[in-house]
Structures are given as C-alpha cells and as structure tokens.
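Structure first, commentary second.
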Amino acid sequence: MPDLEIQRDVPLAPLTTLELGGLARFFVRAGDPETLLAALRWAREEGLRAAVLGGGSNLVVPDEGYPGLVIHMAIGDIDFRDGGTVEVGAGVPWEVVVDGAVTRGWAGLECLTGIPGSTGATPIQNVGAYGQEVAAVIERVLVVDRASLALGELAPDACEFGYRDSMFKRDPERYVVCSVHFALRPDGQGTVRYAELEKHVSQDATLGEIRNAVLDLRRKKSMVIDPDDPNRRSAGSFFLNPVVTSAEADRVAAFAVSEGLAPHVTAVPRYPTQGGEVKLAAGWLVEKSGIAKGTRRGAVGVSSNHALVIVHHGGGTTTELLAFADEVRSCVEDRFGVRLEREPRLLT
Ligand code: EPU
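Okay, here's the thing in structure tokens:
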C-alpha cells in the first residue's frame, strides 16, 4: 500500500480559479489509482467524508473550508494511441489533451480549447463549448467505486450524459473518475457549428484555425485564464442556461419585446435542444434584468466581458460571492419568472 502523505489545514483558495474559500482539514495528493484507493480507505477508517479536487476551475469552496479529506487528483498519464484513441489520467490539464489532439490532426476537441481544469472533471459536467461536448467523443471512463473501493469501467451510456450533466454529477458520492478514454477522428473535419464561430471560420477550416478562432472568442469574454485580466478569478459560467418549454421561451421573448428589452422576438437568444425544449441564454437574461456587465458589489461582481460569469476581484469571501449570486438569481426571477441554477460545484 502506498504511503499516504496526509497534510492538515491546507488552504484551498490557491487551488481554485475563484481564489476563495477556507481550509481542507485533511489533504492528500493522489498521483495514481492506488493512492486514491488508499486515501478513500483512510477517510473511511477515520469516519471522514472525502471530496475530490481537480483543477479547481468549476468549484466554490465555502469560507468554513471542508471538514473531511480533500483528495487532490494528480493522475498524470496521457497516451495517444494509433487510430485516434487517447487515454488520459484524471489529473492531466485539459488543454494538454486538446493541444495533443489538434497537433496530431485528430478532430473532436478543437472547440473545447481554452477551458481551464483537469481531464477528470470533463465527464462530470459533460464539458461543452462552441458546438462540441466531451460526451460525443468519450469511449469509456475508468472509475473507482466509492462503496466497494474497486476499479471499474463505464461505457458512455452508463454515464447518462446531458447538457452540463451526467450520472457523476447527479450522484457525486458514487464514483471517482481516474481516467478518461476518448475516441477522436484522425484526419477528421473539425466542427464549425456554433453561430458565433461560423462568423469567424469557414466550414473547411483546419483544426488549428478552429482552435485559434475559439481561443480569440473566449479571450474576448475573459474565458481564457490570463494573469493580466481583471476578470480572471471566476468559475466560468456561474449559472446554467435555463432549459424551458418552447411555450415558456415564447412567453419570455414576448415579454422582453413588450418591455422594450428586444426589438423583436427573434432578437431574444434561444437554442433548440435535442429533447424538443429550448435553452435560453442566462447571460442575456442577467443583463436584461438590470445587472450590467461589470456590476460590482465590493470584492465580487459580474465580469465586465460576460454577464454569466461572476468574478472575485481579490480580498473577498465566498459568503459575499454567494450572496451576490443570489441577488442575480432574484433579479432574473423577478423580471422574467425564470429560475437560474448554479453551475459550479459547491464543496460541502
Ligand atoms: N449574452 C448576452 N450578454 C452576456 C453574455 C451573453 O446577452 O453578457 C448572449 C450572447 O449575445 C448570446 C448568448 O447570450 O446571444 C450566448 O452567449 P455565449 O455564446 O457567450 O454563450 P453562453 O451560453 O453564455 C455557454 C457555456 C459556456 C461556453 C459558451 C460557448 C453554459 C452555462 N455556458 O455560454 O461554457 O463557453 O456557451 O459555447 O452553457 C462554462 O460552462 O463555464 C462555460 C464557459
């Protein structure tokens, strides 16, 4: 059994992109599945809860910290196999995977560039952007079952992927993701499907061109972490785009026009989903409910480049951030009757 180097009272804020939150009472780094198993076993023997930390880019840590064991996932192997399969340890930074795929001319991930965080987190919320979702290229997920402490493999069907959703997200105590296998398309054509992206690259653009165009778009929205960007401390989109019935979307659009918030119903952004429902743009709803880009409440606020992103300006607390998020949610609900749901995970 590997030696476990368990640390005490480790600050979690520096391990998150929001740079907020308190201490982990116990903390361990897991560089391989055996250490992960030993850490889970140790927590169980000590009667402690255990939580897994990846890149910390989609996580809100309470000011009180975490009273159990935080396992920092650091499984770092990556193997590009012939035929387009890539096997990636959960701790590998996501951009390394995108970069390796695009450089080899393997299609499937080129729109998912510039996203912070680690690979193990990608199946959990089915990371998606600019017309791609990881679910489309996941071949299998290697997991540890937290009840039996056994290693296992899950096929995509068993992961029950949805929009920013999966079985892992709905049942977070069940599995820990150890590695993810992707099936990419060597010499395949890239995906140019997102309307905003279509304005910048042609359908036959190379993977590198598509990736660069996505990076440019993300930079304009402060969605590429840059130490000089005043909006850099965030967890990306703070709310999910609400999925509503088509009748409800029509109601929202008609209301927006009647209030002079949009010149015409077609100016209200909406995207059809596969299930026949409609995804509304939460960033648009936030702005039109009166919370402008750049709104500030002390040390927290809305990004000056994207209203869906809540940012920390430094020196703040998670309590302030969550109170502001509640204010944003109330504004949208009062104005449009649409309830926004938090997108990043709260470490409780
Ligand atoms: N919009 C506004 N005001 C804003 C922001 C957006 O009116 O401040 C409008 C835009 O004009 C557009 C629509 O809202 O009509 C959609 O905006 P955008 O293309 O920026 O995408 P999004 O729906 O806000 C989603 C994902 C992002 C992902 C982008 C691009 C969610 C919750 N967010 O944002 O993912 O990068 O699409 O595909 O689905 C994340 O999950 O953390 C994330 C960054």
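Counting from 1244, one number per residue, gives the positions in the sequence shown under the numbering used here.
Cβ coordinates follow ideal geometry from the N, Cα and C atoms, glycine included.
Does DSSP classify leucine 1593 as helix, strand or coil? What the structure shows of the chain is the stretch from 1244 to 1591, and residue 1593 is not part of that stretch, so it cannot be assessed.
Taking 8 Å as the threshold, find out whether the region 1305 to 1313 comes into contact with the region 1324 to 1336 through three or more Cβ pairs. no
Three-state class that DSSP yields for valine 1341 in the structure shown: helix
Where alanine 1550 sits in the DSSP three-state scheme: coil
C-alpha gap between glycine 1533 and glycine 1431, whole angstroms: 44 Å
Would you report the Cα separation of glycine 1558 and glutamine 1517, rounded to the nearest angstrom? 42 Å
Selection from Arg1417, Gly1360, Val1253, Lys1536 that minimises the alpha carbon distance to leucine 1392: Arg1417
Considering only the alpha carbon of each residue, which of Gly1290, Gly1308, Leu1551, Val1575 lies closest to proline 1587? Leu1551
So, is arginine 1238 buried or exposed, given that buried needs 16 or more other C-beta atoms within 10 angstroms? Residue 1238 is absent from the structure shown; the chain starts at 1244 and stops at 1591.
With 16 as the cutoff for other CB atoms within 10 Å, does lysine 1531 come out buried or exposed? buried
Threonine 1562 - DSSP class collapsed to helix/strand/coil: helix
Under 7 Å between C-beta atoms of tryptophan 1349 and proline 1429: yes
Test item: CB-CB of serine 1361 and glycine 1297 under 7 Å: yes
Nearest-angstrom Cα separation, counted from valine 1554 out to glutamate 1502: 29 Å
Beta-carbon contacts of alanine 1205 that lie in its chain and below 6 Å, excluding the five residues immediately before and after: Since the first residue of the chain shown is 1244 and the last is 1591, residue 1205 is not available in this structure.
Taking only heavy atoms of the ligand EPU into account, decide whether any of them is closer than 6 Å to the Cβ of leucine 1551. yes
Inter-stretch contact (C-beta, 8 Å, three-pair minimum) for the region 1356 to 1372 and the region 1412 to 1427: yes
Span separating the alpha-carbon of glycine 1433 from that of arginine 1251: 46 Å
Using only the alpha-carbon positions, how far apart do isoleucine 1468 and threonine 1356 sit? 12 Å
According to DSSP, residues forming a beta bridge with threonine 1509: According to DSSP, which records beta bridges pairwise, threonine 1509 is partnered with nothing at all.
Residue nearest to threonine 1259 in terms of C-alpha spacing, selected from Glu1382, Asn1301, Thr1560: Asn1301
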